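Chemist: Structure incoming, see below.
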């Protein structure tokens, strides 16, 4: 995981920066208070399904912690915990290295729903929100699912090919 791994980490940093700078310009103003698309998480789900759930766990924890520090400084850890755990769990469920597009899109939808549900549960546990799950589902979970699904459709082919090449290279290095 030398050059391609570094490119993957650079891609995740670029997506993280784009989430906070470019994406707010692209979304309508009425969606800003309720939508928090997490593009980095979608790529981490691709890593979980097509490469390794352990790598996805580490990337989820690291980028979740960065997300916590940059966007939610009042409580550190929810995104880190939720992104790492959900990416690992989806890596356990979807273990096929050559998963077709419908399975990967299902993994993205399930993972996005799991992430938002875990974050809602953590916020509810610490009494940071006083809304019902129905309200959260209608106001921000379903719109986030839609944005994550569209982003996953756009990046499906290039990211899948790069992760499969990375997996082949790692297997060749292990044999030597």
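In the working numbering, the protein residues as written are 20 to 195. We treat Cβ as the ideally placed atom computed from N, Cα and C, and that holds for glycine. Keep in mind the model is a prediction, meaning the values are calculated, not measured.
I need the DSSP call for residue 54, collapsed to helix, strand or coil.
Modeler: Walking along the chain shown from the start, residue 54 turns up at place 35. Residue 54: coil per DSSP, three-state reduction.
Chemist: Is residue 41 helix, strand or coil when you go by DSSP?
Modeler: As a first step, residue 41 must be located in the chain shown, where it is residue number 22. Reduced to three states, the DSSP call for residue 41 is coil.
Chemist: Of the choices 158, 77 and 143, whose alpha-carbon is the least far from that of residue 56?
Modeler: For the purposes of this step, residue 56 is taken as the residue at position 37 of the chain shown. The option with the nearest alpha carbon to residue 56 is 158.
Chemist: Using the Cβ count rule (16 or more neighbours within 10 Å means buried), how would you classify residue 112?
Modeler: Start at 1 with the first residue of the chain shown, and residue 112 comes out as number 93. Exposed, since its Cβ has fewer than 16 Cβ neighbours within 10 Å.
Chemist: Please state if the CB of residue 125 and the CB of residue 105 are separated by a distance shorter than 8 Å.
Modeler: As a first step, residue 105 is located in the chain shown; it is residue number 86 there, counting from the start. As a first step, residue 125 is located in the chain shown; it is residue number 106 there, counting from the start. Contact: no.
Chemist: Compute the distance between the beta-carbons of residue 59 and residue 29, then report whether it is under 8 Å.
Modeler: On the chain shown, position 40 is the one that residue 59 refers to. On the chain shown, position 10 is the one that residue 29 refers to. Cβ distance not < 8 Å, so residue 59 and residue 29 don't count as in contact.
Chemist: Out of 42, 33, 182 and 38, which one is the CA nearest neighbour of residue 117?
Modeler: Locating residue 117 in the chain shown gives position 98, counting from the first residue. Nearest C-alpha to residue 117: 182.
Chemist: Can we say the segment 62-75 touches the segment 168-184, given the rule of at least three CB pairs closer than 8 Å?
Modeler: Taking 8 Å as the limit for Cβ pairs, the verdict is that the segment 168-184 does touch the segment 62-75.
Chemist: If the criterion is Cβ atoms closer than 8 Å, does the pair residue 75 and residue 98 meet it?
Modeler: The residue given as residue 75 occupies position 56 in the chain shown. The residue given as residue 98 occupies position 79 in the chain shown. Cβ atoms of residue 75 and residue 98: not closer than 8 Å.
Chemist: Please go through the same chain and pick out, in chain order, the residues whose beta-carbon is closer than 7 Å to the beta-carbon of residue 103, but skip the five residues on each side of it.
Modeler: Position 84 of the chain shown, counted from the start, is the residue given in the question as residue 103. Taken in chain order, the residues that qualify are 76, 79, 80 and 83.
Chemist: What would DSSP say about residue 116, mapped onto helix, strand or coil?
Modeler: One-based indexing of the chain shown puts residue 116 at position 97. Of the three classes helix, strand and coil, the one that applies to residue 116 here is coil, per DSSP.
Chemist: Leaving out the 5 sequence neighbours to the left and right, which residues in its chain are closer than 6 Å to residue 162 when beta-carbon positions are compared?
Modeler: On the chain shown, residue 162 is found 143 positions in, with the first residue counted as 1. Answer for residue 162: 54, listed in chain order.
Chemist: Kindly indicate the opening and closing residues of the alpha helix (DSSP H) around residue 74.
Modeler: Start at 1 with the first residue of the chain shown, and residue 74 comes out as number 55. Note, residue 74: alpha helix (DSSP H), 72-90.
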